[in-house]
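**Student:**
Chains as they are written, first to last, in our numbering: chain Z, 1 to 66; chain V, 67 to 132; chain F, 133 to 198; chain U, 199 to 264; chain C, 265 to 330; chain L, 331 to 396.
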């Protein structure tokens, strides 16, 4: 540890993943006092049909109506 | 939050996922007091070969034998 | 499976948890075709200081300004 | 419960998964007092590009230099 | 990786946790080909009120009635 | 999403958590193209007795012996 899981939509390139994990790593070491060799980052790519925010539309239209 | 993860076998249709996530969302808002726009549901589809319940067979046969 | 994790803020009562888990269970069995005895729901209570949405304030003020 | 998640690289055979899950199951029942029918093991196969240990190289080269 | 999460009820002693994690570790190295230094096991202790299997009672009474 | 889980040892201060989550957020937005309002970071504090790396000692002493 620290062990980090990032759940997001697929489609990020290898270089994006590298840049994101490098900066998460730096945040944990520099701000969180983590030992460099202990940081593990795992990306989980969640297909569009496998995530849902059913209440978002209602909230958005409420905001739009204001 | 609430953030919900559902781990299950693959094969559910888009409309099944929609119905399940809608009802989970309603449960969290109506019973749990969650704000509608905060509810996120993520489905993770676990292939058959990637889950195991080694103790189930033993328990089942014990029940059957009774 | 289905195995369900609900991450949310602490403070829900036992009866709220029971009502939420009952309805999640019904959603999975009735809409998702799950076997009743296979459904497991786990609540994880995340203290206020242990979650962050740093980009929410920016988005909210943007909306308010409109 | 116990519910166990194993995050690892893909490529393990069905028989390897069976052997690993059988032994995890035995550990939980024999050492942890779990009921046999309650043990569920889920494998999540994380592709090489979806995990990163940015601090490992630095640590390794430090060790090699010693 | 392998990174392992064990979700179970609280109350296991330190020596039980040590025995369980040692045997999970051995399973992953001996059967799964994992590198010893990469294996991390994390226990998450789920309070009784924070897990639910609403369909279990129904199934149990059905079995008892047979 | 992106939804991020950070599993680490307890003891980080509120300001450390704030700094870490701010920088993880920036990494996801600036490098990963995430929408600011969608980023959620959750910290899970794993007590010392609830994590184990049984193979680390063996590896460390092997390195020390070299």
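Every residue gets a Cβ at the ideal spot worked out from N, C-alpha and C, and that includes glycine.
Measure the beta-carbon distance from residue 43 of chain Z to residue 248 of chain U and round it to whole angstroms, keeping in mind my assumption that it falls under 8 Å.
**Tutor:** 4 Å
**Student:** To which residues of the same chain is residue 298 of chain C closer than 7 Å at the C-beta, ignoring the five residues directly before and after it?
**Tutor:** The answer, listed in chain order, is 266 and 292.
**Student:** Using a Cβ-Cβ cut-off of less than 9 Å, list which residues of the stretch 106-122 of chain V approach chain L; keep chain order.
**Tutor:** 106 and 108
**Student:** Can you give the Cα-Cα distance for residue 148 of chain F and residue 177 of chain F, rounded to whole angstroms?
**Tutor:** 13 Å
**Student:** Below 8 Å on the Cβ atoms is my contact criterion, and I expect residue 41 of chain Z with residue 13 of chain Z to pass it. Report the Cβ-Cβ distance as a whole number of Å.
**Tutor:** The Cβ separation is near 16 Å, so there is no contact.
**Student:** Check each residue of the stretch 86-101 of chain V: if its Cβ is closer than 9 Å to any Cβ of chain F, include it; give the result in chain order.
**Tutor:** 86, 87, 88, 89, 90, 92, 93, 94, 96, 97, 98, 99 and 100
**Student:** Is it true that the CB of residue 301 of chain C sits closer than 7 Å to the CB of residue 313 of chain L?
**Tutor:** In the structure as shown, chain L begins at 331 and stops at 396. Residue 313 of chain L is therefore absent and cannot be evaluated.
**Student:** Just the C-alpha distance for residue 156 of chain F and residue 114 of chain V, rounded to the nearest angstrom, thanks.
**Tutor:** 23 Å
**Student:** Take residue 123 of chain V as the anchor and find which of U:255, U:209 and U:237 has the nearest alpha-carbon.
**Tutor:** U:237
**Student:** Could you tell me whether any Cβ in chain F is nearer than 7 Å to the Cβ of residue 132 of chain V?
**Tutor:** Confidence in residue 132 of chain V is poor, its pLDDT being 47 and thus under 50, which makes the residue's placement too unreliable to answer from.
**Student:** Who pairs with residue 52 of chain Z in a beta bridge, going by DSSP?
**Tutor:** V:107
**Student:** Which residues mark the beginning and the end of the alpha helix (DSSP H) in which residue 288 of chain C is found?
**Tutor:** 278-294
**Student:** Kindly indicate which residue of F:150, F:164 and F:184 has the alpha-carbon position closest to the one of residue 75 of chain V.
**Tutor:** F:164
**Student:** In its own chain, which residues sit with a C-beta less than 7 Å from the C-beta of residue 185 of chain F, not counting the 5 before and 5 after it?
**Tutor:** none
**Student:** Taking C-beta pairs closer than 8 Å, name the residues in chain Z that residue 80 of chain V reaches, listed in chain order.
**Tutor:** 49
**Student:** Between residue 158 of chain F and the rest of its own chain, which residues show a CB-CB distance below 8 Å, the 5 nearest in sequence each way excluded?
**Tutor:** none
**Student:** Against chain L, with Cβ distances strictly below 7 Å, would residue 2 of chain Z count as a contact?
**Tutor:** yes
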